[in-house]
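Asker: Below: one structure in structure tokens.
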Amino acid sequence: MSLGQHLVELRKRLMIAALALVIGMVVAFFITGPVIDVLTEPIRIVAEQRGTDLVALNFAGVTSGFDLRMRIAFALGLLLSAPIWLWQIWAFIMPGLTRSEVRYTIGFVAAAVPLFFGGCVVGVFIMPHIIELMATFVPEQGAQLFEAANYYDFVFKLLIFIGVAFVLPVFLVALNFAGVMSGMAILKGWRVAILIATIFSALATPAADVVSMLGLAGILIVLYLAAAGLTLLLDRRRRKRQETLLPPEATA
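For the sequence shown, this note's numbering assigns the number 11 to the initial residue and increments by one for each residue that follows.
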């Protein structure tokens, strides 16, 4: 295909992906109410614990409620339309890949997507503890009004950060496939990995919530060790394959 044909193909793929996103947003907009109920459950728990109505989600502007629902609809629409826009990306780049590259890409995506959503699920369980713990530092005579946009940004970024952290072991395996890092090199970096996982968990969770921090750090460390073990197995298979291809005099 010529450059012009590639651009036409890209435009077609982008239009299909954009249309799928818009349809997903329209569908998601009608379920933003239950989603907001789930996200604001920690606020209701804090209000019950303090026995006051001065703990609530605050909508400062005239359009704040609509803006919040649109932002949630965009995130959910992106999720609902993911099979379509991911396929459009895949269909655009697949003709330029070799058969082995296609197989590896499918394997990486199949591993990364569940890990990402698994991280988001862990974030959903951690998020209420963070909010409830932070609320304990507010004086009893104070009113805690959570600004809607800031509250949503906090929850959204927390879920994204933890989801991406869960996918990092897949990138380590990809680097091993590319020959950039060996399995032994990845395993030797376990001290650094533990330090990074602990620091990340401390930043993602409040300092006083030790249980959430240790739980998140433990999951990240297990994923790292699993990636290191897998790369060691891949290196071993690669060495055996090379030994079988070498002539007898080369191995003597």
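All C-beta atoms, glycine included, are put in the ideal place defined by N, C-alpha and C. If you're wondering where the values come from, they're calculated on a predicted model, not measured in any experiment.
Mind listing, in chain order, the continuous alpha helix (DSSP H) runs of no fewer than 4 residues lying wholly within the stretch 37-67?
Answerer: Counting only runs of 4 or more, we get 42-49, 51-60.
Asker: Name the two residues that bound the continuous alpha helix (DSSP H) containing Q98.
Answerer: Where Q98 is concerned, the enclosing alpha helix (DSSP H) stretches over 92-103.
Asker: Under the assumption that I53 contacts V65 (Cβ atoms under 8 Å), give the Cβ distance between them as a whole number of angstroms.
Answerer: Their Cβ separation, rounded to whole angstroms, is 6 Å, which keeps I53 and V65 in contact under 8 Å.
Asker: Which value, in whole angstroms, describes the spacing of the CA atoms of N160 and H139?
Answerer: Between N160 and H139, the C-alpha separation is close to 18 Å.
Asker: From the DSSP secondary-structure annotation, give me the bridge partner or partners of Q154.
Answerer: Partner(s): V65.
Asker: Under 6 Å Cβ to Cβ from L125, same chain only, skipping five residues before and after it: list those, please.
Answerer: Cβ neighbours of L125 beyond the five flanking positions: F176, V177.
Asker: Tell me the DSSP secondary structure of A262 in three-state form.
Answerer: Because the pLDDT at A262 is just 49, under 50, the model does not fix this residue reliably, and the point stays unresolved.
Asker: Spatial neighbours of V165 within its chain, please: CB distance less than 7 Å, with the 5 preceding and 5 following residues excluded, ordered by chain position.
Answerer: Same-chain partners within the cutoff: L49, M137.
Asker: Would you identify the three-state DSSP class for T146, choosing helix, strand or coil?
Answerer: Coil, per DSSP.
Asker: What residue from M104, R246, L226 has the CA that sits closest to V131's CA?
Answerer: With distances taken between Cα atoms, V131 lies closest to L226.
Asker: Between the Cα of I82 and those of W100, F69, G43, G61, spot the shortest distance and give me the residue it belongs to.
Answerer: For the residues W100, F69, G43, G61, the minimum Cα distance to I82 belongs to G43.
Asker: Identify the continuous alpha helix (DSSP H) that holds T208 and give its terminal residues.
Answerer: Start and end: 200-214.
Asker: Between the stretch 238-255 and the stretch 172-191, are three or more C-beta pairs nearer than 8 Å?
Answerer: At 8 Å Cβ cutoff, the stretches touch.
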